[in-house]
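Chemist:
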Amino acid sequence: MKVLLTGVAGFIGSFTCHRLLDRGDEVIGIDNLNDYYDVKLKLDRLSRLDVRDGFHFAKLDIADRAGMDDLFRRERPDRVVHLAAQAGVRYSLENPQAYVDANITGFLNILENLRERGTDHLVYASTSSVYGNNTHMPFSVHDNVDHPVSLYAATKKTNELMAHTYSHLFGLPCTGLRFFTVYGPWGRPDMALFKFTRQMLAGEPIDVYNYGHHTRDFTYVEDIVEGIVRVLDQPARANPDWSGAQPDPQSSSAPYRLYNIGSNNPVALLRYIEVLEETLGVNAVKNLLPLQPGDVPDTFADVTDLVRDVGYKPATPIEVGIRNFVAWYKDYYDIKGVAHNVR
């Protein structure tokens, strides 16, 4: 089938594109290639896709209504995987407008085009950050998520509400996926594993927030992608048992669904760092700091619905995932050895 994939030069987007091409889909990939982080990394991800049959790229900002209208009119995709977004909890405190433009206006442009032209299925990225002040563990898609603690989370919650509205009004099949702390090769430089690796290899201290008391449901990128593709292949359907008297957030009387995609195995941040130390052969110098505004102390995904509906549960242990990341990092940056704090 023909799949429109937004954010194709991004971390998760590039992996998803390879997976779709591997099975023979045609992929129309779009990305605005902004400079939120190293553009070279995005271009290098893209160069690995450009040589593949069935892949077509358009440099386009999802907030560009005219450009998006033209793209949908020209390509008429069968299904859409929407991964483009302004990511990052902490950056949303510095540049909130970027989140409104990309995450709300951009998403509206996609929904409007799908309303006008139709689709078999829209699958879009949400985030574990929507759980906010919720302390009921593990986080369940059946829980209320009305108390976000960052604008990033608020925009993603808004996406879920917008998707439901269009699903209800226009019968648009929509599935939202709440990703839990994705990591792995070709990852984002603003995320902990990438930053820690760079700083530790340079002999620099690493900033460890919440004094290292975080726990995270670290989820390997290929596990995330497997979940995306399996969900994409099962368009959302209305839940005949859904009741407005006892509204369940996970489904609806409209063709609408939500799923967590996480490892279902939270790991203490200090253990995560310990595995990275063992893999690099470097002792980390930790700069222990208080909890950052917008952060939550713990995440833990209940993936019961994902397992039930698509028969899949992420399973890559952090020891394997971190080893794969480090191998990629050293190859990408041509690092032959370690000069500091060698064990």
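According to the working numbering, the sequence shown is numbered sequentially starting from 175.
Each residue gets a CB set at the ideal place from its N, CA and C atoms; glycine is no exception.
Owing to the predicted nature of the structure, the values given are computational and were not obtained by experimental measurement.
Does the distance from the CB of V319 to the CB of V297 come in under 8 Å?
Modeler: By one-based count along the sequence shown, residue 319 stands at place 145. By one-based count along the sequence shown, residue 297 stands at place 123. No.
Chemist: Assuming D391 contacts G436 under a Cβ cut-off of 8 Å, what Cβ separation, rounded to an integer in Å, is found between them?
Modeler: Within the sequence shown, the letter at position 217 stands for residue 391. Within the sequence shown, the letter at position 262 stands for residue 436. Right, their Cβ atoms sit about 4 Å apart.
Chemist: Measuring CB atoms only, is the segment 414-431 touching the segment 356-374, in the sense that at least three cross pairs come out at less than 8 Å?
Modeler: No, the segment 414-431 does not touch the segment 356-374.
Chemist: Roughly how many angstroms separate the alpha carbons of W360 and G184, rounded to a whole number?
Modeler: Taking the first residue of the sequence shown as 1, we reach residue 360 at position 186. Taking the first residue of the sequence shown as 1, we reach residue 184 at position 10. So the two alpha carbons sit approximately 9 Å from each other.
Chemist: Is it the case that the Cβ atoms of Y545 and G401 are separated by a distance below 8 Å?
Modeler: Here the chain comprises residues numbered 175 to 517, so residue 545 is not present and cannot be evaluated.
Chemist: Determine the burial state of H514: buried for a count of at least 16 other Cβ atoms within 10 Å of its Cβ, exposed for fewer.
Modeler: In the sequence shown, the residue the question calls residue 514 occupies position 340. Residue confidence is low: H514 scores 42 on pLDDT, short of 50, so the model does not pin down where it sits. Its coordinate-derived value is still stated next. Classification for H514: exposed.
Chemist: Could you give the first and the last residue of the continuous beta strand (DSSP E) run that contains L351?
Modeler: Residue mapping note: residue 351 aligns to position 177 of the sequence shown, counting from 1. L351 -> beta strand (DSSP E) spans C348 to F353.
Chemist: Within this structure, are the beta carbons of G203 and L223 separated by less than 8 Å?
Modeler: Locating residue 203 in the sequence shown gives position 29, counting from the first residue. Locating residue 223 in the sequence shown gives position 49, counting from the first residue. Yes; because the gap between Cβ atoms is below 8 Å, this pair is in contact.
Chemist: Assign N461 to buried or exposed, taking buried as 16 or more other Cβ atoms, counted over all protein chains shown, within 10 Å of its Cβ.
Modeler: Taking the sequence shown and counting its residues from 1, the one referred to as residue 461 is at position 287. Looking at its Cβ environment, which holds fewer than 16 other Cβ atoms inside 10 Å, N461 is exposed.
Chemist: CB-CB under 6 Å to G292, same chain, minus the five flanking residues each way: which ones, in chain order?
Modeler: The sequence position of residue 292 within the sequence shown is 118, counting from 1. Counting only Cβ-Cβ distances below 6 Å, and skipping sequence neighbours, we find nothing.
Chemist: For T393, count the other beta carbons within 10 Å of its own beta carbon; 16 or more makes it buried, fewer makes it exposed. Which is it?
Modeler: In the sequence shown, residue 393 corresponds to position 219, counting from 1. It counts as buried.
Chemist: Work out the CA separation of Y326 and P312 for me, nearest whole Å.
Modeler: Looking up residue 312 in the sequence shown gives position 138. Looking up residue 326 in the sequence shown gives position 152. Roughly 21 Å separates the two Cα atoms.
Chemist: Can the beta-carbon of A258 be found less than 8 Å from the beta-carbon of P347?
Modeler: One-based indexing of the sequence shown puts residue 258 at position 84. One-based indexing of the sequence shown puts residue 347 at position 173. Contact: no.
Chemist: From which residue to which residue does the beta strand (DSSP E) around L406 run?
Modeler: Position 232 of the sequence shown holds residue 406. That residue, L406, is in no beta strand (DSSP E); its alpha helix (DSSP H) goes V395 to L406.
Chemist: Count Cβ pairs between the segment 463-476 and the segment 408-424 that sit closer than 8 Å; are there 3 or more?
Modeler: The answer is no - the segment 408-424 does not touch the segment 463-476, with fewer than three Cβ pairs under 8 Å.
Chemist: Between the Cα of Y507 and the Cα atoms of E396, Y357 and R372, which residue gives the shortest distance?
Modeler: On the sequence shown, position 333 is the one that residue 507 refers to. Nearest option by C-alpha distance: R372.
Chemist: Take V356 as the anchor and find which of F368, T349, G345 and G350 has the nearest alpha-carbon.
Modeler: Position 182 of the sequence shown, counted from the start, is the residue given in the question as residue 356. The candidate whose alpha carbon is nearest that of V356 is F368.
Chemist: Cα separation between V274 and D317?
Modeler: As a working note, residue 274 is residue 100 in the sequence shown. As a working note, residue 317 is residue 143 in the sequence shown. Going by the C-alpha atoms only, they are around 25 Å apart.
Chemist: Enumerate, from N- to C-terminal direction, the unbroken beta strand (DSSP E) stretches of 3 or more residues contained entirely within the segment 264-340.
Modeler: As far as the segment 264-340 is concerned, its whole beta strand (DSSP E) runs of at least 3 residues are 295-301.
Chemist: Measuring only the C-alpha atoms, how far is F354 from S302?
Modeler: The residue labelled residue 354 in the question sits at position 180 within the sequence shown. The residue labelled residue 302 in the question sits at position 128 within the sequence shown. Each residue's Cα considered, the two are about 5 Å apart.
Chemist: Thinking just about the alpha-carbon of each residue, which of A237, P251 and Y265 is nearest to the one in Y211?
Modeler: Your numbering for residue 211 matches position 37 in the sequence shown. Comparing Cα positions, the closest option is Y265.
Chemist: I'd like to know if the segment 236-247 and the segment 276-289 are in contact, where contact means that at least 3 CB-CB pairs between them fall below 8 Å.
Modeler: Touching, per the Cβ criterion.
Chemist: Which complete beta strand (DSSP E) runs does the segment 417-447 hold, if anything under 3 residues is left out?
Modeler: For the segment 417-447, whole beta strand (DSSP E) runs of length 3 or above, ordered along the chain, are 430-435.
Chemist: Which ranges would you report for the alpha helix (DSSP H) in the segment 231-261 if only whole runs of at least 4 residues count?
Modeler: If we require 4 residues or more, the alpha helix (DSSP H) runs fully inside the segment 231-261 come out as 239-249.
Chemist: Where do the N-terminal and C-terminal ends of the alpha helix (DSSP H) with N498 fall, by residue?
Modeler: Looking up residue 498 in the sequence shown gives position 324. Unbroken alpha helix (DSSP H) run through N498: I492 to Y506.
Chemist: Confirm, please, whether the CB-CB distance from P464 to N384 is below 8 Å.
Modeler: The sequence position of residue 384 within the sequence shown is 210, counting from 1. The sequence position of residue 464 within the sequence shown is 290, counting from 1. Yes, the pair counts as a contact, with Cβ atoms nearer than the cut-off.
Chemist: According to DSSP, what are the bridge partners of D472?
Modeler: For the purposes of this step, residue 472 is taken as residue 298 along the sequence shown, with counting starting at 1. Looking at the DSSP assignment, D472 forms a beta bridge with T389.
Chemist: Which of helix, strand or coil does DSSP assign to K116?
Modeler: For the chain, the structure presents residues 175 to 517; residue 116 sits outside this window and is missing.
Chemist: So what's I509 in DSSP terms, helix, strand or just coil?
Modeler: Position 335 of the sequence shown, counted from the start, is the residue given in the question as residue 509. Three-state DSSP puts I509 in coil, outside helix and strand.
Chemist: I'd like the span of the alpha helix (DSSP H) that includes D483, first residue to last.
Modeler: Taking the sequence shown and counting its residues from 1, one reaches residue 483 at position 309. Its alpha helix (DSSP H) spans residues T478 to V484.
Chemist: On the criterion of 16 or more Cβ atoms from any shown chain inside 10 Å, does R517 qualify as buried, or is it exposed?
Modeler: The residue you call residue 517 lines up with position 343 of the sequence shown. With a pLDDT of 26 at R517, under the threshold of 50, the modelled position of that residue is not reliable, and no figure is offered here.
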